[in-house]
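Heads up: the sequence shown begins at 1033 in my numbering, then just goes up one per residue. Built from N, CA and C at the ideal position, the CB exists for glycine as well.
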Amino acid sequence: MDDNDFKTYESINTSPVQMVPVFKGHEKSEKQIIEDFHKLYYNSKVWANGLTKYRNVETAKCPLDMWVYQEIIMQIKPKLIIETGTYKGGSAMFMADMLWFNDIASPYPGQQVSVTPSYYGNSGLVVTIDITSIAQFPKYYSNVWYLSEHDSTHKNTIEKIMTLIKRSEKYYNPVMVVLDSDHSKQHVARELELYAPFVTPGSYLIVEDTNVDTVIHPDGEPGAASAVKEFLKTHSEFFIDKDCEKYFLTFNPNGYLRRK
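What follows is the structure in structure tokens.
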């Protein structure tokens, strides 16, 4: 085996149909290689079942997407991040830390996380929402507001977020939203309508797991990707930011929506 057994690799950003480095006689397009690896990675469940963690807390996300999140946070410096679908809390902790690391939030050591924020407008905030209450945040995560009383689309949940924003409207700007709860088309469509207005111009509305009804089960039940497609037909103020998919593997294809 020598160097001549391989083809030259070029980025997908410059040639979507470029042949990638494989053995002679077994050439595949970049698109097929990426899709094959996507399925291999997803079906391995290494991203789930407690195998992918942040600060020893489950995240159930693709690490490449989490890397994109920190790039977005660094770029737009959101003062408020709203996340639906807390699960164990790993992603909320990750985003809260990214606010601290980028000087958007200040830690309050020893201050207990509560159902009501202990401050309004004093620091960047992550609001994370789940219908269950299985997440447990260390007491030093005072910039995480955990809502676990109702579904993400329940009127009480929306009212609490609206109240928070109104009390410190000038401070909580930009606002970024991450939708990662129930991935059925109907639920995601409802979340999109309810949470899109919170997103400020230039910021992001991220719809997670759009890969399920596109890459993983393209012939299965309509899910998040279908909801995004319908949403964009009537919301021209948002566009798909394909630059957020530059690392080839993402669980959110066409799910990084940026507001104009």
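For a test of the three-state rule: what should DSSP assign to E1262, helix, strand or coil? Taking the first residue of the sequence shown as position 1, residue 1262 is located at position 230. Of the three classes helix, strand and coil, the one that applies to E1262 here is helix, per DSSP.
*Which residue or residues does DSSP assign as beta-bridge partners of W1177?*
Along the sequence shown, one-based indexing puts residue 1177 at 145. In the DSSP assignment, W1177 is bridged to V1159.
In or out: N1286 buried (at least 16 other Cβ within 10 Å) or exposed? In the sequence shown, residue 1286 corresponds to position 254, counting from 1. It counts as buried.
Contact set for K1085: own chain, Cβ-Cβ below 7 Å, skip 5 residues either direction = Residue mapping note: residue 1085 aligns to position 53 of the sequence shown, counting from 1. Closer than 7 Å at the Cβ level, and outside the excluded window around K1085, lie T1091 and G1122.
Buried or exposed for W1177, please, with buried defined as at least 16 other CB atoms from any protein chain shown within 10 angstroms of its CB. Within the sequence shown, numbered from 1, the residue matching residue 1177 stands at position 145. Under this definition W1177 is a buried residue.
Check: For the segment 1191–1234, which segments carrying the beta strand (DSSP E) assignment without a break, of at least 3 residues, lie completely within its bounds, in sequence order?
Finding: 1207–1211
Between I1190 and L1226, how many whole angstroms is the CB-CB distance? I'm expecting something under 8 Å.
Working through the sequence shown from its first residue, we reach residue 1190 at position 158. Working through the sequence shown from its first residue, we reach residue 1226 at position 194. About 6 Å separates the beta carbon of I1190 from that of L1226, a gap short enough to meet the 8 Å contact definition.
At a threshold of 7 Å, does M1098 count as lining the ligand HEM (C-beta to nearest heavy atom)? Judged by which ligands are present, the structure shown has none, so any question about the ligand HEM falls away.
* Residues that DSSP places opposite G1255 in a beta bridge -> Locating residue 1255 in the sequence shown gives position 223, where the first residue counts as 1. In DSSP, G1255 forms a bridge with S1216.
CB L1289 to CB V1239, shorter than 8 Å? Here residue 1289 refers to the residue found at position 257 when the sequence shown is read from its first residue. Here residue 1239 refers to the residue found at position 207 when the sequence shown is read from its first residue. Using a Cβ distance threshold of 8 Å, L1289 and V1239 count as a contacting pair.
Quiz item: Between which two residues does the beta strand (DSSP E) carrying I1272 extend?
Solution: As a position in the sequence shown, residue 1272 is number 240, starting the count at 1. Note, I1272: beta strand (DSSP E), F1270 to I1272.
Three-state class that DSSP yields for E1103 in the structure shown:
Taking the first residue of the sequence shown as position 1, residue 1103 is located at position 71. Reduced to three states, the DSSP call for E1103 is helix.
Under a three-way DSSP split, which group does Y1152 fall into? The count along the sequence shown starts at 1 and reaches residue 1152 at position 120. Residue placement at Y1152 cannot be trusted, given a pLDDT of 47 that sits under 50; what the coordinates show is reported in the next sentence. In this structure, Y1152 counts as coil in the three-state DSSP scheme.
Buried or exposed: which applies to I1166, given that a residue is buried once 16 or more other Cβ atoms fall within 10 Å of its Cβ?
Residue mapping note: residue 1166 aligns to position 134 of the sequence shown, counting from 1. A residue is called buried once 16 or more other Cβ atoms fall within 10 Å of its Cβ, and I1166, having fewer, is exposed.
**Request:** Say whether the segment 1262–1270 touches the segment 1223–1237, bearing in mind that this needs 3 or more beta-carbon pairs closer than 8 Å, one atom from each stretch.
**Result:** yes
Notebook entry, point to check: Roughly how many whole angstroms lie between the Cα atoms of L1061 and K1278?
Noted result: By 1-based counting over the sequence shown, the position of residue 1061 is 29. By 1-based counting over the sequence shown, the position of residue 1278 is 246. The residue you asked about is not Leu; residue 1061 is Ser in the sequence shown. One C-alpha to the other measures close to 17 Å.
| said: Given this structure, state the Cα-to-Cα distance separating S1216 from W1079, to the nearest angstrom. | reply: The residue you call residue 1216 lines up with position 184 of the sequence shown. The residue you call residue 1079 lines up with position 47 of the sequence shown. The alpha-carbon atoms of S1216 and W1079 are separated by roughly 20 Å.
* Alpha carbon to alpha carbon, how far is F1280 from I1248? Give it in angstroms, no decimals. => Residue mapping note: residue 1248 aligns to position 216 of the sequence shown, counting from 1. Residue mapping note: residue 1280 aligns to position 248 of the sequence shown, counting from 1. Between the C-alpha atoms of I1248 and F1280 there is a straight-line separation of about 15 Å.
Let me check understanding here. Comparing Cα to Cα, which of S1184, N1081, V1260 and Y1074 lies closest to L1096?
For the purposes of this step, residue 1096 is taken as residue 64 along the sequence shown, with counting starting at 1. Out of S1184, N1081, V1260 and Y1074, Y1074 has the C-alpha closest to the C-alpha of L1096.
* To do: Would you decide whether R1291 is buried or exposed? Buried here means 16 or more other CB atoms lie within 10 Å of its CB.
  => By one-based count along the sequence shown, residue 1291 stands at place 259. Burial call: buried.
### Task
With a cut-off of 8 Å on the beta carbons, I'd call D1241 and D1212 a contact; round off their distance for me.
Position 209 of the sequence shown, counted from the first residue, corresponds to residue 1241. Position 180 of the sequence shown, counted from the first residue, corresponds to residue 1212. About 7 Å separates the two Cβ atoms, so the contact holds.
Point to revise | Spatial distance of L1157 from A1256 (CA atoms) | key: Locating residue 1157 in the sequence shown gives position 125, counting from the first residue. Locating residue 1256 in the sequence shown gives position 224, counting from the first residue. Distance between the alpha carbons of L1157 and A1256: 26 Å.
ask   = Would the beta-carbon of F1263 fall within 8 Å of that of A1221?
value = Taking the sequence shown and counting its residues from 1, the one referred to as residue 1263 is at position 231. Taking the sequence shown and counting its residues from 1, the one referred to as residue 1221 is at position 189. Between F1263 and A1221, the C-beta spacing is below 8 Å.
With distances taken Cα to Cα, identify the nearest neighbour of I1104 among L1237, K1261, V1159 and G1117.
Position 72 of the sequence shown, counting from 1, holds the residue named residue 1104. When only C-alpha atoms are compared, the closest one is L1237.
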